[in-house]
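Residue numbers for the sequence shown follow our numbering, beginning at 101 and rising by one.
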Amino acid sequence: MSTDNKSISTRALTLTALGIVLGDIGTSPLYAVREAFHGPHSIPVTQGNIFGVLSLIIWALFLTISLKYLFFVLKADNKGEGGVLALTALALPPRVLAKYRWSQILLYLGLFGSALLFGDGAITPAISILSAVEGLKIATPLFEPYIIPITIGILMILFSFQRYGTARIGSIFGPIIFLWFTVIGSLGVYGIILHPEILNALNPGYAINFFIENGFNGFVVLGAVFLVVTGGEALYADMGHFGIKPIQRAWFFIALPGLLLNYFGQGALILNNPLAAENPFYLLAPDWALYFLVAIATLAAIIASQALISGVFSLTRQAVQLGYFPRVRIIHTASHEIGQIYIPFINWTLFLLTAWLVLTFKTSSALAAAYGIAISLTMVIVTVLVSLVAYRKWEWGWPSIFCFLIVFLSIDLLFLTANLAKVSDGGWFPIVVASFIFILMTTWKNGRKILAQQLKQKSLSIDTFFQRIKDEPLTQISGSAIFMSSSNEGAPPALLHNVKHNKVLHAQNIILTVLYEEVPRIHKSERVEIIEMNSNFFRIVSKYGFMESPDMYDILECAEKKGLKIEISDTTFFLGRETIIPTKEEGMSLWREHLFAFMSKNSARPTAYFNIPPEQVMEVGIQIEI
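Below is the structure:
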């Protein structure tokens, strides 16, 4: 590639990363400063408090985003992929989980951290879009009765469009967010001109004095300050789409300058007019620009929400592949982009939660009370897991790891403790959602483990099976049969039942097991392993990463390239359909066994999940007591 083409490609990737990754953190100016001076835990509007809050905001952006995430966390990638689940898989591979008992605690922490994203995925669209639309009542009080209906309408349109994917409109995300940062930065300059001395807030001494003067109240305000870094997790979760460099460029050259200028501008405005603390973001703009600002803010909020929704889709697929969530219907919205997926059940569940939040909390200020606690807890978990990666992968010494933890874990724990004050004001919502998702994830994982043990008891070793069909010859029919099995050992129950009841064998028989590795993707050349057991029996072990979706046509194509020809039109697929019967025998608690049975009954059909021709499927029903 020529130097000019490389330059164009780099700029395009940086601009796209700006739109997809930084939209969430870019909408924080809509509500962050306002909550410090006008929220439920606000402080008096004094010059010392204004300088102190601004200093805290600036250094939170520098230390948490610029230093921790951009220079440390983004390097903890799982073969190019980020996110809490990917980080957990990287920090705690199976050999570590099997060897150290303490690793199970960290595993559950990682799972709970990923579960927190579901609650955040509901709050972010609600608070971002509602705070953007609230600008209309600044323009004219006539809009005030229609703020909530307009917000619900925008949310309905947003979630309805998810089934089309973001491939068609993704290309305009970057330019819109670039315009957004340009606009809010320009507004900030306008505010700074009012009181240039506001730039003195760069001095961290103002932050220290703020705590000395305000004591406990100043500590509680950290919950509002934390709102400026709530999009930090998106930087890590979406890194697999762009890589580290484009995200760093987008942050340091565009997003960070725009945010800093706007926060300084809001502080200067409040310094000039304390009453502006009611909504400093919109009051910073001249009257003639308000409607344009509401429009661009709404677009930015929609883009920020889109990134979170897509992140929840991606996380759900990862959880399914890693065995922590039942199969769900996954629709690929773009054939050329593996990350473009749509999960109808998750989409409409998120919409209902988001709409409920808007209707219940009614204002973005009330929603801000529920926002932050989930992300602050996630950041604590990420810091702990990254330190483990630094020890295992980066070979840091204990002094370096201790310094990393003492600096960043102290900051994270301060923010988390401050956000705990929000629990009674609505912070319970993401905790309840995350706890429910965590229970589902651990119940499914443990239930599948118990089920696998029960199925293993009902299966036969392959040698015993071959001896049995040798002693009792069966009628052979033409075509191929593929028997799906969750284990890559023994003869699966579907095969045993077919032989027992139908007393036939096909000319070609394949036992197929699909395994999911704790890596993002598996190269096609390593997709399948073929084991020939005898002249007409083969075992195929197919491997997928947690960022991929299994596909039967893909598996058979890879098998053919390795010498095993399977004519799919002349193939019958035998699938086991387990009916779970909860018992009081040793296993899980009875209520969790009933929950597992419900989840198993309502999981997506294997035909849709593995893309198997439904008219060529025979299901074998099996009752399993757990």
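No residue lacks a Cβ here, since even glycine has one placed at the ideal position from N, Cα and C.
- Message: According to DSSP, simplified to helix, strand and coil, what is asparagine 702?
- Response: helix
- Within this structure, are the beta carbons of methionine 769 and leucine 612 separated by less than 8 Å? In the structure displayed, the chain extends from 101 to 726; residue 769 sits before or after that span and is not available.
- Message: I believe isoleucine 157 touches valine 328 by the beta-carbon criterion, under 8 Å. Please report the beta-carbon distance rounded to the nearest angstrom.
- Response: 5 Å
- Under the three-state DSSP convention, the category histidine 606 falls into: strand
- Query: Among Gly210, Arg429 and Ser405, which has the Cα closest to the Cα of threonine 188?
  - Reply: Nearest neighbour of threonine 188 by Cα position, chosen from Gly210, Arg429 and Ser405, turns out to be Gly210.
- Query: For isoleucine 481, which residues from the same chain have a beta carbon less than 6 Å from its beta carbon, with the 5 sequence-adjacent residues on both sides left out?
  - Reply: Leu209 and Gly213
- Roughly how many whole angstroms lie between the Cα atoms of aspartate 571 and valine 720? 24 Å
- Just list the alpha helix (DSSP H) runs in the segment 290-327, keeping only unbroken ones of 4 residues or longer that don't cross its boundaries, in chain order. 305-325
- Straight-line Cα distance separating glutamate 495 from phenylalanine 342: Going from the Cα of phenylalanine 342 to the Cα of glutamate 495 covers about 26 Å.
- Message: What ranges does the alpha helix (DSSP H) occupy inside the segment 662-718, keeping only unbroken runs of at least 4 residues that lie completely in it?
- Response: 690-702 and 706-709
- Cut-off 6 Å between Cβ atoms - residues of its own chain near alanine 704, not counting five sequence neighbours on either side: Arg427, Val428 and Arg429
- Item | Cα-Cα separation, lysine 624 to leucine 335 | 28 Å
- Query: Quick one: is glutamine 262 buried, meaning 16 or more other Cβ sit within 10 Å of its Cβ, or exposed?
  - Reply: buried
- Message: Can you confirm whether the segment 470-480 touches the segment 280-287 when touching is taken to mean that 3 or more C-beta pairs between the two stretches lie within less than 8 Å?
- Response: no
- Message: Less than 7 Å between C-beta atoms, sequence neighbours within five positions excluded: which residues of the same chain meet that for tyrosine 491?
- Response: Ile501
- Under three-state DSSP, which class holds tyrosine 735? Because the chain is modelled from 101 through 726, residue 735 falls outside the range shown and cannot be assessed.
- Message: For a test of the three-state rule: what should DSSP assign to leucine 450, helix, strand or coil?
- Response: helix
- Message: By the DSSP assignment, the alpha helix (DSSP H) with valine 173 in it spans what residues?
- Response: Segment: none, valine 173 is in no alpha helix (DSSP H) and carries neither H nor E.
- For histidine 66, the residue or residues it bridges with in DSSP: Only positions 101 to 726 of the chain appear in this structure, which leaves residue 66 out of reach.
- Proximity of threonine 224 and aspartate 338 at Cβ, strictly below 8 Å: Annotated as distal: threonine 224 and aspartate 338, with beta-carbon spacing of 8 Å or more.
- Query: Excluding the five sequence neighbours on either side, which residues of its own chain have a C-beta within less than 7 Å of the C-beta of glycine 645, listed in chain order?
  - Reply: Within the same chain, glycine 645 has close Cβ partners Glu617, Val619, Pro620, Arg621 and Ile622.
- Task: Please list, in chain order, all residues of the same chain as threonine 251 whose beta carbon is under 6 Å from its beta carbon, the five residues on each side excluded.
- Result: Ile229, Leu230, Val233 and Val458
- Task: Could you round the C-beta distance between leucine 467 and alanine 226 to whole angstroms and report it? I think they count as a contact, below 8 Å.
- Result: 6 Å
- Best match in Val325, Ser487 and Asp220 for proximity to alanine 160 [C-alpha to C-alpha]: Val325
- Message: Let me make sure I understand the geometry here. Which of Ala552, Leu675, His138 and Gln723 has the alpha-carbon closest to that of alanine 708?
- Response: Leu675
- Message: So isoleucine 150 and glycine 367 are supposed to be a Cβ contact under 8 Å. How far apart are they, rounded?
- Response: 5 Å
- Task: Could you check if tryptophan 202 is buried or exposed, using at least 16 other CB atoms within 10 Å of its CB as the buried criterion?
- Result: In the assembly as shown, tryptophan 202 is an exposed residue. Its beta-carbon has fewer than 16 other beta-carbons within 10 Å.
- Message: One question on the structure: do valine 599 and leucine 574 come within less than 8 Å of each other, judged by their Cβ atoms?
- Response: yes
- Assigned exposure category for histidine 606 - 16 Cβ within 10 Å defines buried: Answer is buried; the Cβ neighbour count reaches 16.
- Between the CA atoms of threonine 679 and lysine 106 - distance to the nearest angstrom: Any reading at lysine 106 needs caution, since the residue's pLDDT is 49, under 50, leaving its predicted position unreliable; the model's value is listed next. Roughly 56 Å between the two C-alpha positions.
- Spell out the partners DSSP gives isoleucine 726 in its beta bridges. According to DSSP, isoleucine 726 bridges with nothing at all.
- Within 8 Å, strictly: CB atoms of asparagine 314 and isoleucine 143: yes
- Assigned exposure category for alanine 518 - 16 Cβ within 10 Å defines buried: buried
- Query: Whose C-beta lies closer than 8 Å to the C-beta of tryptophan 351 among residues of the same chain, with five residues either side of it excluded?
  - Reply: For tryptophan 351, where only same-chain residues beyond five positions count, the Cβ hits under 8 Å are Leu122, Ile165, Ser166, Leu170 and Leu335.
- Task: Could you work out which residue in Leu242, Gly126, Ala239 and Glu657 is closest to asparagine 362 when comparing CA atoms only?
- Result: Answer by Cα proximity: Gly126.
- Query: Out of Gln348, Leu294 and Gly291, which has the shortest C-alpha to C-alpha gap to glycine 332?
  - Reply: Gln348
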